[in-house]
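S.K.: Each residue of the sequence shown is one higher than the one before, counting from 422 in the numbering used here.
All residues carry an ideal CB built from backbone N, CA and C; glycine is no exception.
Below: one structure in structure tokens.
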Amino acid sequence: MMKQLKPVLLALAVALQLGACRQTGAVEGDQPPADAPVLSVTAQAAKIETVRSQIELLGITAAQRHLTLKASTNGRLVGFGLQSGDRVVRGQVVAHIINRELEAAEAGLAAAKRIDPKDASQLDSAVKRYTGGPGIPVVAPATAIVSQRLVSSGQVVAYLDPMADLIDPNSMYVEAQLPIDVEALIRPGMEATVTSAIAPGIEYGARVVAIAPSFNANSETAAARLQFTGTRRIEIANAAVRVHLITRVVPEATVIDSKALFQNANTDSYYAFVAGEDGRAHRMPVKVGIREGDRVQIIEGLRPGAMVITSGGYALADRLRVKVIPDRKAQ
């Protein structure tokens, strides 16, 4: 009888031992390992700041008022040294024109001196009295800037021939191109800043004064005219510029660094990681608003003061153990 029970008792003992081992393993597996990795990260508190939505447009400068410097008589032009960009004032003598009659008289005097030098003395004094100077002056009609020179010194010009194209610097404006998708955001009276490669680092104040009522079908843009508002302005026509317009201002927005924002390409959504008081990273879905430089407005998902993790990249994971260290770059 005992021999028959021994195998049964042995099998029962083995089963009990295996069950105890499984139970012990399950309990131990519920606890995180003592040597779980800790990721050192930097973090910044979400702040309350003012953010602005800004768009950038391309444009060129132009002048509303053009003037033409014209020849005051026919003859040979002398002393005309104006170049593009030169400034002239009203009444300034910019050149002289030697009348063809004066040139003919001087040529006749030279011939008379060769033929009869003695009798040519009286003719010489008469020619000098008649000429009496370097020629007929050419005077600037207004204070302006030379846009383009059309003739050169020594050239023969006719009466009222154009000599140079002048522009009134006070009439300079910017013509910008508005894409269809932003045209509804722009309205006359909006303030703007203008920059150009011809003056690096300088910003010019401007204001939208008019928007064309029609679109260009080819480029799908409309023209907007902006006037300079300050004393400083671009004084060169047809210069390429960039126009910066502020379309919206949020004075008290929750803002985080753009380095702390992640995008889920599958769902087209955003999230950030917050360093919790429990020493772990917590993934927080967020809704973003205005982006300005390296700052991002958070509309939903974060409260001001939350310690948002700004390093670690895609090595971060929800409930990962983290240690916040000082950000040396921020200091």
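(1) Are Met611 and Leu666 closer than 7 Å when you measure CB to CB?
(2) What separation, rounded to the nearest whole angstrom, lies between the Cα atoms of Pro590 and Ile566?
(3) Compute the beta-carbon to beta-carbon distance between Ile730 and Val695, rounded to the nearest angstrom, for a pair I have assumed lies under 8 Å.
(4) Counting C-beta neighbours from all protein chains within 10 Å, is the total for Ala447 16 or more, i.e. buried, or is it exposed?
(5) The alpha helix (DSSP H) that contains Val603, what's its start and end?
(6) Could you give the distance in angstroms between the alpha-carbon of Asp689 and the alpha-carbon of Thr652?
(7) Determine the DSSP secondary structure at Ala597, reduced to helix, strand or coil.
(8) From Asn520 to Arg508, what does the alpha carbon distance come to, in whole angstroms?
(9) At what residue ranges does the region 704-739 contain a whole run of the beta strand (DSSP E), taking only runs of 3 or more?
(10) How about the region 462-476 and the region 492-499: do they share at least three Cβ pairs that are nearer than 8 Å?
(11) Just the Cα atoms here: how many angstroms apart are Thr642 and Ile632?
(12) Compute the beta-carbon to beta-carbon distance between Val664 and Val462, rounded to the nearest angstrom, for a pair I have assumed lies under 8 Å.
(13) Between the C-alpha atoms of Gln718 and Ile481, what's the straight-line distance to the nearest angstrom?
(14) Using beta-carbon positions only, say whether Ser617 and Ile588 come within less than 7 Å of one another.
M.R.: A quick look at the data gives this:
(1) Contact annotation: Met611 and Leu666 have beta-carbon atoms nearer than 7 Å.
(2) Distance between the alpha carbons of Pro590 and Ile566 is about 7 Å.
(3) Yes, they are in contact, since the Cβ atoms of Ile730 and Val695 sit about 7 Å apart, within 8 Å.
(4) Low confidence applies to Ala447: its pLDDT is 38, below 50, so where it sits in the model is not reliable enough to give any reading.
(5) Here the alpha helix (DSSP H) through Val603 covers 601-604.
(6) Here the C-alpha atom of Asp689 lies approximately 47 Å from the C-alpha atom of Thr652.
(7) Note: Ala597 maps to strand in three-state DSSP.
(8) Their backbone Cα atoms lie some 27 Å apart in a straight line.
(9) Those beta strand (DSSP E) runs which fall completely within the region 704-739 and span 3+ residues are 716-721, 728-730.
(10) Short answer: they don't touch.
(11) Going from the Cα of Thr642 to the Cα of Ile632 covers about 11 Å.
(12) With a contact defined as Cβ atoms closer than 8 Å, Val664 and Val462 miss out at about 40 Å.
(13) C-alpha separation (whole angstroms): 33 Å.
(14) No; because the gap between Cβ atoms is not below 7 Å, this pair is not in contact.
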